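In what follows, a structure is listed as C-alpha cells, so that the remarks can point back to it.
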Amino acid sequence: MAQQEIQQELSVDQYTLGLVGPDQEWAGTVADGGTIETYTPPGCWGPMITPSFRGGHEVTRPIRVENAEIGDAVALKIRDVEVTSLATSTGSMRERDEAFDADPFVDHRCPECGTVWPDSVVEGTGEDAIRCAECGANVSSFGFEYGYTVAFDDDRTVGLTMDAEGAHELATDAEEVMDIPEHSRQHPILLYEPSEMPGTLGRLRPFIGNVGTTPPIELPDSHNAGDFGQFLIGADHDWGLESEAELEARTDGHMDIPEVRAGATLICPVKVDGAGVYVGDLHANQGDGELSLHTTDVSGNVTMDVEVITGLDIDGPILLPNEEDLPHISKPYSEAELEMGRKLADQRGVDIRDDAGPIQVIGSGGTINAATENAFDRAGKLLDMSEGEVRSRCTFTGGVQIGRLPGVVQLDMLAPMDVLEARGMAHLVREQYGL
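Quick note: the sequence shown, position 40, residue 40 per the numbering used here, numbers continuous.
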C-alpha cells in the first residue's frame, strides 16, 4: 500500500466487497490527531443477500493513520454517529442451502447455473427478488425465519414495525428509503418486505457494529472476530484457516457492542503499518447479546478523531464507554466515595489505591466462556496481572457483559491508573471520564 498525502480531515465513501486485509486499497491517509468522516452503507442484511460479496458486511476501504506502526495502538474517539436511513428490515435468518457451499456469508454460488459470487439483478420485491444475472434463478443465500420492517421518526429517536402494506410500500422505494450510498454494491434488505410483529415501538440509539483496524491476513469482514471466525477454520474456500492459531491474527473489528457509540473511545491494535482503520455495520439499535444475530442495519455518517498510542502492543480492542453506559460497580469513584474510602483506610491502617479508571477489555471466541477467557488473557497481558488478579478485580470492581452471542464480551474493571500510565493510555482514561 503506497504512501499518500496526509490529511487533517479525511472523508471516505468507498467500500470493499466484504473483505478486510493488507491487500485492500487505501482510502487515504489521515494525520495522527486528525479526523475521519465516513459515509457507510448498511452492514449485515444487504451484503448477505447480494451474492457477489465475499463477506457479510460492506465496510469502508482501510484508512492509513500517520505514524501508526505494528505494535502501536490507535485510539478512535467517536464524536458522532448519524443515521441517514428512514427505515430498515431485520429479523432472524434462514439459510438457503442451495445457494452456497460451506458458508452462506462467504462462498456464494448460483443454485442453477453454478456461477460463483454471481452478479445479480432485482426483479420486484419479496424474498425471491434477487436474481442471477446469468440465468435468472433466485440466487440469495438468505431469507427470514422471522422478520420485520421498521420505520424511523424524523429525529431517529424511535422505530415502529410495519404491517404488510407498510412494508411493501417501503420496499417499492428501498434504495432511496435506506439511503444506499452511490458507491455501495449491495441490494437493500427492505426489498424483502417482512412484516411480522407489526405495531411494535422500539427506542433507537445508533452505534457502530464493525469498526477497527486491518488484520495482517485477509478475512471476510464479518468474520474478523473470534466467534464468526470459527467458521473459517477448516473451510474449503479462499479464506479458510487451518487452525485456531491462525485466527489470532484477527483484530476483532466485528464486535456488535452497542456501547461503541458517539462519545465512546475505542483503542485498537495496529497489526499492519498504517493501522488500516475501517468503519461499517451501523445499527439503529440493539439489545445486549444481539439475540437474533442481526439488528437494525442502517446507512449513516460517522465522525471520529484518531490518536496513535506508541508502543501500546495489544491483541484486541479496549473500549472506554460513555460513563452512563458503565455498570454501577465500575463507574469512576465520586468525591464522596473517595472520602469515605480514605477514612476507612485511616481507620484500618491500609494504604488506599484511590487512583483508578474504568476500562473494558474486549474478548472473543467460539463461546461466551471462550470469549471471557480471551478477555482474561488480554487484560492480564495489558496490565501485567495474573489471571487470578484479573478475575478478582473484575469481580470486586467490574464484571463481564455480553456484546454478541455466541462469543463477544466486554470485561469491565477499575484499573490502577499507575499501571495505565505505564502502558501509555492513562491520559485517554482521564480525558474520557474527567479524572
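We put the CB at the ideal spot given by N, CA and C, even for glycine.
These figures come from a predicted structure and were not determined experimentally.
Given this structure, state the Cα-to-Cα distance separating residue i from residue j, to the nearest angstrom.
i    : j    : result
G91  : Y333 : 40 Å
V408 : E5   : 36 Å
E431 : P321 : 12 Å
T213 : E169 : 39 Å
R79  : I70  : 26 Å
F152 : R393 : 41 Å
A75  : A164 : 44 Å
C268 : G399 : 21 Å
I368 : D273 : 31 Å
A426 : I63  : 25 Å
I314 : Y148 : 39 Å
D107 : A356 : 47 Å
F105 : A370 : 23 Å
T16  : I180 : 15 Å
V158 : Q347 : 51 Å
T125 : E9   : 40 Å
M1   : S195 : Model confidence at M1 stands at a pLDDT of 43, short of 50, so the residue's coordinates are unreliable; what they give is reported in the following sentence. Roughly 45 Å between the two C-alpha positions.
F144 : F100 : 16 Å
L383 : E335 : 25 Å
A422 : G380 : 14 Å
V361 : E37  : 26 Å
C113 : G55  : 22 Å
A375 : R353 : 24 Å
C135 : R391 : 57 Å
P416 : F142 : 47 Å
T397 : G287 : 24 Å
A171 : S386 : 54 Å
R378 : Y278 : 22 Å
T395 : L338 : 20 Å
Y39  : E389 : 42 Å
A137 : A245 : 39 Å
S243 : G229 : 11 Å
G424 : G403 : 26 Å
Q14  : E182 : 9 Å
G173 : I217 : Correcting the residue identity first, residue 173 is Asp in this sequence and not Gly. Rounded to the nearest angstrom, the two C-alpha atoms are 38 Å apart.
Classify residue i: buried if its beta carbon has 16 or more other beta carbons within 10 angstroms, exposed otherwise.
i    : result
E259 : buried
V429 : buried
T372 : buried
S364 : buried
How about residue i and residue j: are their beta carbons less than 8 Å apart?
i    : j    : result
D221 : N210 : yes
D238 : H57  : no
S140 : R96  : yes
L319 : Q410 : yes
R261 : A225 : no
V302 : I208 : yes
L414 : P358 : yes
G21  : P215 : yes
V12  : T84  : no
G46  : H187 : yes
V177 : T161 : no
S330 : D412 : yes
S184 : P41  : yes
L219 : A87  : no
K77  : D325 : no
P111 : E123 : no
Sorted by chain position, which residues of the same chain lie with C-beta nearer than 8 Å to residue i's C-beta, five sequence neighbours on each side aside?
i    : result
Q7   : G28, T29, V30, A31 and G34
D252 : G212, N224, A225, G226, G316, P317, I362, S364 and V408
R94  : F142, G143, F144 and E145
Please work out which residues of its chain come closer than 7 Å, Cβ to Cβ, to residue i, disregarding the five sequence neighbours upstream and downstream, and give them in chain order.
i    : result
D72  : V270, V308, I309, T310, G311 and L312
A102 : A235, D236 and H237
Y433 : E323, P332, G357 and P358
L241 : L232, I233 and L247
E175 : P188
P198 : T161, M162 and D163
T115 : R109, C132 and E134
V81  : P206, F207, I208, R261, A262, L282, G300 and V302
A264 : I78, L319, L320, P321 and N322
Hey, would you say the C-beta of residue i is under 7 Å away from at least one heavy atom of the ligand FAD?
i    : result
G212 : The ligand FAD is absent from the structure shown, which contains no ligand whatsoever.
Take residue i and list the residues in its own chain whose beta-carbon comes closer than 6 Å to its own, dropping the five residues that flank it on each side.
i    : result
M192 : According to the sequence as given, residue 192 is Tyr; it is not Met. S89 and E127.
A275 : V65, A68, V74 and T213
A284 : V83, L204, P206, T296 and V298
P406 : D227 and T367
Y146 : G91, S92 and E196
Does any CB atom of chain B fall closer than 8 Å to the CB of residue i?
i    : result
V260 : Here there is only one protein chain, and chain B is not present.
Quiz prompt | Contact the region 43 to 51 vs the region 115 to 123: 3+ CB pairs below 8 Å | solution = Touching, yes, given that three or more Cβ pairs across the two stretches are closer than 8 Å.
Quiz item: Can you find at least 3 beta carbon pairs, one from the region 342 to 349 and one from the region 290 to 307, that sit closer than 8 Å?
Solution: no
Quiz item: On the three-pair Cβ rule with 8 Å, is the region 20 to 34 touching the region 188 to 203?
Solution: no
Self-check item: Validate contact between the region 123 to 141 and the region 256 to 271 using beta carbons, cut 8 Å, 3 pairs
Solution: By the Cβ test, the region 123 to 141 is not in contact with the region 256 to 271, since fewer than three Cβ pairs between them sit closer than 8 Å.
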